[in-house]
Amino acid sequence: MAPLDLQPTGSSPKVCFDPFTGILELSGDSYPENSFDFYTPVLSWLKEHLRETEALQVHFNIVYMNSSSIKCVLDILDLMEEAEAAGKKILINWYYDRENPRALDLAEEFAEDVGVPFHIIPVEG
Amino acid sequence: MAMHELIRLKEEFTEKGIMICFNGPFSHSIIEEIGNAVRRRLEGEEVRKDAIMDVFAVYIEQTQNVKNYLAGKSFPVKNFNSAIIIIARMGGKYAISSGNVIEKTDTAALVDRLERIQRLDREGLKRLYKEEIRHEVPPGGTGAGVGLIEIARRASEKLSYVIDEIDETYNFFSLTAVI
Chain A
1 MAPLDLQPTG SSPKVCFDPF TGILELSGDS YPENSFDFYT PVLSWLKEHL RETEALQVHF
61 NIVYMNSSSI KCVLDILDLM EEAEAAGKKI LINWYYDREN PRALDLAEEF AEDVGVPFHI
121 IPVEG
Chain B
1 MAMHELIRLK EEFTEKGIMI CFNGPFSHSI IEEIGNAVRR RLEGEEVRKD AIMDVFAVYI
61 EQTQNVKNYL AGKSFPVKNF NSAIIIIARM GGKYAISSGN VIEKTDTAAL VDRLERIQRL
121 DREGLKRLYK EEIRHEVPPG GTGAGVGLIE IARRASEKLS YVIDEIDETY NFFSLTAVI
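From first to last, the protein sequence lines stand for chains A and B.
Numbering-wise (the numbering used here), the first sequence opens with residue 1 and increments by one.
Numbering-wise (the numbering used here), the second sequence opens with residue 1 and increments by one.
Here is the structure:
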């Protein structure tokens with residue numbers, strides 16, 4: 001299984017999987033020039049990884065996301081929902097800046113649409 | 001530009017509360033640089049985080065919409081591929097405006113879309129957004145197709161837009177969102 005380690009740029013997030021902890025982390029801003037080009041390899045990696053693993057945690061620490069990134073993240077959450085339906089242990093932690101109500105709105109809208117354990121956790125901004 | 005024109009331009013910008021105005025071809029790096037400059041300036045002025053995020057989000061959706069539209073067109077007149085973006089502050093509110101050339105044949109669909117969005121309240125906008133963000137993107141598509149809904153959801157007033165005729169083939173489309 002190839003490692004997943006994308007370093008952040010001004011408009012794309014850090015996307016990194018730690019094979020020791022089993023945690024996939026996405027952090028930073030997400031409004032790349034073409035969100036589909038950016039997230040397609042992430043989705044392919046995730047599909048393959050979910051076939052091989054029994055448990056996955058995803059930690060999101062996203063400040064801002066444009067609408068096409070939101071669409072791609074919904075696809076990520078759908079894959080996790082399928083994996084959970086197939087009996088795998090899936091957990092999502094969504095960290096947000098407690099001083100930024102918009103960051104909470106974003107988290108809550110995702111939580112409305114996903115059927116996997118989804119924890120919204122405030123952090124100091 | 002003569003010096004006396006520059007002072008008049010500066011006075012006009014100040015009077016209209018214009019913080020940033022860019023006129024030229026949009027590239028991704030220009031969108032990113034201007035956006036970050038505005039964000040840093042507002043952070044420096046201790047504007048509330050949710051307002052900064054709304055201004056930034058509307059700016060990004062507007063500029064990426066325009067850039068994607070123009071990239072799909074490559075108009076024969078070079079100047080038509082460039083656009084204008086303005087971020088202004090009036091009292092405690094922010095206005096984000098963009099202007100670009102559109103093909104006349106695209107105008108009716110755009111106006112229909114805007115009018116449909118204008119008729120919706122907050123709940124209606126959320127429902128439409130959640131429905132459309134799940135739509136399949138056509139091959140080669142560059143966005144989720146919900147930029148205008150996202151802009152309307154962030155705006156504190158109805159969007160305003162103007163269509164000006166350029167010639168028999170082209171119009172100029174101006175859009176303003178107020179936060």
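A virtual CB, placed ideally from N, CA and C, is assigned to each residue, including glycine.
Among the CB atoms of chain B, one or more fall inside 9 Å of the CB of phenylalanine 36 of chain A. Against glycine 147 of chain B, the close residues of chain A are Ser67, in the order they occur along the chain (beta-carbon pairs closer than 7 Å). Of the residues B:Gln64, B:Ala71, B:Tyr69 and B:Leu70, the one whose Cα lies closest to the Cα of serine 68 of chain A is B:Gln64.
Within chain B, the residues whose beta carbon sits less than 7 Å from that of proline 101 of chain A are Asp50, listed in sequence order. One Cα belongs to glycine 17 of chain B, the other to proline 41 of chain A, and the distance between them is close to 43 Å. Nearest C-alpha to leucine 4 of chain A among A:Thr21, A:Ile70, A:Leu46 and A:Ser12: A:Leu46.
Listed along the chain, the chain B residues whose CB falls inside 9 Å of the CB of leucine 43 of chain A amount to none; the nearest CB is some 13 Å away. DSSP places lysine 78 of chain B outside any alpha helix (DSSP H), giving it a letter other than H or E. In this model, glutamate 82 of chain A and glycine 140 of chain B are separated by some 27 Å (Cα to Cα).
The closest CA to that of alanine 85 of chain A, considering only A:Pro13, A:Leu43, A:Gly125 and A:Val116, is found on A:Val116. Between valine 63 of chain A and tyrosine 39 of chain A, the gap from beta carbon to beta carbon reaches 9 Å or more. For the C-beta of histidine 4 of chain B, not a single chain A residue is nearer than 9 Å; the gap to the nearest is close to 38 Å.
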